[in-house]
Amino acid sequence: MQKAVNITVKGRVQGVGFRPFIFALAQRYQVKGTVQNNMDGVFIHIEGDAYAVDQFIYSLPMEAPRLSRIDEMVVTLSQWRAFKNFSIITSERTGSSSLVIPIDTAVCEDCLREMYDPNDHRYRYPFINCTQCGPRYTIIEQLPYDRPFTSMRSFQMCERCEQEYKDPMNRRHHAQPIACPTCGPSVALLMPDGQAMQGDAIEQAKEYIRAGAIVAVKGLGGYHLACDATNEMAVRQLRIRKRRPHRPLAIMAASLDIVEQLCHVTAEEKQLLTSPEAPIVVVKQRKNTMIASSVAPGLQTVGVMLPYTPLHHLLLDDRLPVVVMTSANRSGVPMIYEDDQALRDLQGIADYFLVHNRPIVHPIDDSVVQIESGKIHFIRRARGFVPDPLETKYDVHEIVALGGQQKNAFAFGRHHQIFLGPHIGDLEHVEVVEHFQREYEHLRTWMGVTPKTIAVDLHPNYETWNIAKQWNADIVAVQHHHAHMVSCMVENHIHSPCFGLILDGTGYGEDGHIWGFELLYGDASQYKRLGHLTYTPLPGGERCIKEPWRTAIGMLGHYFGEQGYALAEKRFAERAQEVRVLKKMVEKGLHSPLAGTCGRLFDAVSAFLHVCTHSTYDGEAAVRLSELIDDTKIYEAYPFHIKKQDEWEIDLAKMWQAIWEDVEAHEQVNIIAGRFHETVVQASVELVRLALQKYPKYERNIVLSGGSMHNRYIVKRLRQELSKLGLCVYTHQKVPCNDGGLALGQLIIAAHRRDRVCV
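Residue 1222 is where the sequence shown starts when you use our numbering, and the numbers rise one by one after that.
Encoded structure:
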């Protein structure tokens, strides 16, 4: 009995060796027909013996390539077309797109074996790749993903590469970035004036780094600055030149063995480090290793990654086992990815430039993750994960969410898929806004979607409002912490109302004050605020973020009046005059907005303990405070009080009094820091306990979100204590808990309020 079927496969099925896989499958079962990429995914027509066709259909999802992901597979009966063989036919570029854009992945073991084989014609070739690895998203100009629509189009394949490319049984069949030393991209080592140096560029760069030089390295998604991570003077010089005094620097180690010599690495962390996504993984350092102390000053942890491109593998070896590999961009501006810009902007920073001539179309940062309770926790979702979609049961078609002002990432809705864009950064510079608009337009075009609804943060002064007003679409304003809550609900498939504990830095509240320590209850359609931290003034407004000592003064003055300001003058003796000025500002209500946020609370305690009075990077005061504690211990909480107003209010006057007494008694700073952490936990848990007592019919699910949920101790202890109250506790695992995941919640909320326009 004969049978003919059409099969449409949607998902991550382009750029992952899917058509060669289908061809091989057809050969195995001796069926005839065609396979074709199109704007809707992959279209297959097969015909032959009915049993063979059925086996083909069964095997397809079971044996699909490791980088593929099948979201939908539709099989329909078709007319017999009497094909004589099975073939891969030219892609169809018409129609609306429902493609999942392929992600960039680390070089595979097969390619590495060939690269290190002296008998292979790609021996030591820094751009070796196949259908299971290499650049994808960063080189795509248009869809579908075919070589003429990538930045590889200018590299004419040699006869040997073309044979591999056209051979359906070859690992490089239709590998769009296919290349070799004869026909592909090449590397060069440049002097700061742009002049190319003679000789082996990678070996020379390696020797210069070993000698203490700083080399700008053009990678997969942009430029990094590299120096010897074991050379203290080189690392300090990099910090001076880049004007990055304290922020921890990521390192790249030659192998997993090297990582294990330097750090304590769990099985889950090893799996992440060696995964195709190859992110930066934040792990705990061992003591007294060869890593320079200036790599992550004052921190127990360090961000580590393994080489993920062939060039990286060739650059690192036994003679150069570990390097600093940090983004080359200036603070607050987009990643540098164009050669001319690198030579211009990195003058005086980089001693040499290791470049290549394969253009980067879409710059992308390295993803940053850590493991919490055995599960992945995103700090930054970027290379290797963007723009992979998240599935939702909601219809989110033609909705876009613009994210927040900080750690911006936007999101598109297409039918029941949500596509988060790349990490954009802070929308405070015109270059970042322009970068946002470029990447937005690219993704919009790829998605084949023209948004009719735009979700923006409630804060009226965020740049996203200016962007949204340029477009002809309905604008939906979403409260910041409601978006955080719903973001976590969506990725955990929670659809009915639940509690949301949001510990965050800054978010505009519906009462005009700054929120950030919130207990909410609700769902995507509505929420109720149940409790929060007492409001205290921020003298100087946003200056408090970079000068946490100001926040401490505001809190001390609020809780203790004249006595608090006197205490502040004593604790910050060198700023006594400034303390008096800030006191007058607060009393007169001059530029001293009221805030109740977990982030500013951490800042204030950090400054009061003299751990960090001035932040040189986002969250520094909180990070340095959290690094003082032992997250395997459980500390004793300080006293606190919860007041019943319209909502419950956490009053921390007693905690501040106890901290001051401990400081006067010369208690160890790490003990005070630990007790403060436990106070945040217990105050949060008490809010929830009171809510459960008052609302016994509320569902017993709770999501944890907000930037402060990066804190390992806080999340671990909250999970333990809230579980004791009979709650199911959910955290983020697919998007960051910080503002990098905000757009996901905004988009779902906008879907629920699609017919309500708020401008």
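Glycine included, each C-beta is placed from N, C-alpha and C at the ideal position.
Asked                                                                                                                                                                    : Found
Rounded to the nearest angstrom, what separates His1533 and Ile1423 at their Cα positions?                                                                               : 9 Å
According to DSSP, which residues form a beta bridge with Glu1739?                                                                                                       : Ile1723, His1753
Just curious, the alpha helix (DSSP H) that Ser1827 is in, first and last residue?                                                                                       : 1819-1829
Identify whether His1812 lies in helix, strand or coil by the three-state DSSP scheme.                                                                                   : coil
Let me know the beta strand (DSSP E) ranges lying completely inside the region 1602-1642, each 3 residues or longer, listed in chain order.                              : 1610-1612, 1620-1622, 1632-1635, 1638-1641
Thinking Ala1571 and Leu1446 are a contact (beta carbons under 8 Å), I'd like their distance in whole angstroms, please.                                                 : 6 Å
With C-beta atoms as the reference, is His1753 less than 8 Å away from Glu1739?                                                                                          : yes
How many Å lie between Val1980 and Arg1565 at the Cα?                                                                                                                    : Low local confidence applies: a pLDDT of 37 at Val1980 is under 50, so the model's placement there is unreliable, and no value is given.
Taking the alpha-carbon positions, what's the Thr1547 to Val1697 distance?                                                                                               : 37 Å
Along the chain, where does the beta strand (DSSP E) that runs through Leu1925 open and close?                                                                           : 1922-1926
Can you tell me whether Ile1322 is helix, strand or coil according to DSSP?                                                                                              : coil
Please specify which runs of the beta strand (DSSP E), each continuous and at least 3 residues long, are wholly inside the region 1873-1957, giving them in chain order. : 1922-1926, 1949-1951
Taking the DSSP output, what are the residues bridged to Ser1308?                                                                                                        : Thr1255
Leaving out the 5 sequence neighbours to the left and right, which residues in its chain are closer than 8 Å to Ala1245 when beta-carbon positions are compared?         : Pro1389, Met1390
Which residue wins for smallest C-alpha separation from Leu1948, given the options Lys1937, Gln1353, Ser1929, Val1909?                                                   : Val1909
If I follow the unbroken alpha helix (DSSP H) through Ser1708, where does it start and stop?                                                                             : 1701-1712
Tell me whether the beta-carbon of Gly1962 lies closer than 8 Å to the beta-carbon of Val1707.                                                                           : no
Can you tell me whether DSSP reads Lys1673 as helix, strand or coil?                                                                                                     : coil
Terminal residues of the continuous alpha helix (DSSP H) containing Val1966?                                                                                             : Strictly speaking, residue 1966 in this sequence is Gly, with Val absent from that position. Start and end: 1963-1973.
Classify Pro1369: buried if its beta carbon has 16 or more other beta carbons within 10 angstroms, exposed otherwise.                                                    : exposed
Let me check understanding here. Comparing Cα to Cα, which of Lys1865, Trp1692, Pro1347, Ser1375 lies closest to Cys1401?                                                : Pro1347
Within the present structure, is the beta-carbon of Gly1726 separated from the nearest heavy atom of the ligand PLP by less than 7 Å?                                    : In terms of ligand content, the structure shown is empty, and the ligand PLP therefore cannot be addressed.
With 16 as the cutoff for other CB atoms within 10 Å, does Asn1687 come out buried or exposed?                                                                           : exposed
Let me make sure I understand the geometry here. Which of Ile1970, Lys1673, Pro1528 has the alpha-carbon closest to that of Glu1330?                                     : Pro1528
Quick test of your reading: Thr1757 and Leu1815, contact by CB under 8 Å. State the CB separation rounded to the nearest angstrom.                                       : 7 Å
Going by the DSSP bridge assignment, what does Ala1168 pair with across the sheet?                                                                                       : This structure gives no information on residue 1168, because the portion of the chain shown stretches from 1222 to 1980.
At which residues does the alpha helix (DSSP H) containing Phe2008 begin and terminate?                                                                                  : Outside the shown range of the chain, which is 1222 to 1980, sits residue 2008, and nothing can be said about it.
Among Gln1235, Gly1269, Tyr1786, Thr1297, whose alpha-carbon lies nearest the alpha-carbon of Ile1228?                                                                   : Thr1297
Are the region 1627-1640 and the region 1601-1619 touching, with three or more C-beta to C-beta distances below 8 Å?                                                     : yes
When DSSP builds the beta bridges, which residues end up paired with Asp1587?                                                                                            : Beta-bridge pairing links Asp1587 to no other residue.
Taking the straight line between their C-alpha atoms, what separation do you get for Ala1455 and Gly1433?                                                                : 5 Å
Note down, in chain order, each residue of its chain lying with its Cβ closer than 6 Å to the Cβ of Thr1352, except the 5 sequence neighbours on either side.            : Gly1238, Ala1396
According to the neighbour-count rule (16 or more other Cβ atoms, all chains shown, within 10 Å of its Cβ), is Met1283 buried or exposed?                                : exposed
Tell me Glu1790's beta-bridge partners as DSSP assigns them.                                                                                                             : In the DSSP output, where bridge partners are listed per residue, Glu1790 has none listed.
Is Glu1330 helix, strand or coil by DSSP?                                                                                                                                : helix
Is the CB-CB distance between Ile1291 and Val1230 below 8 Å?                                                                                                             : yes
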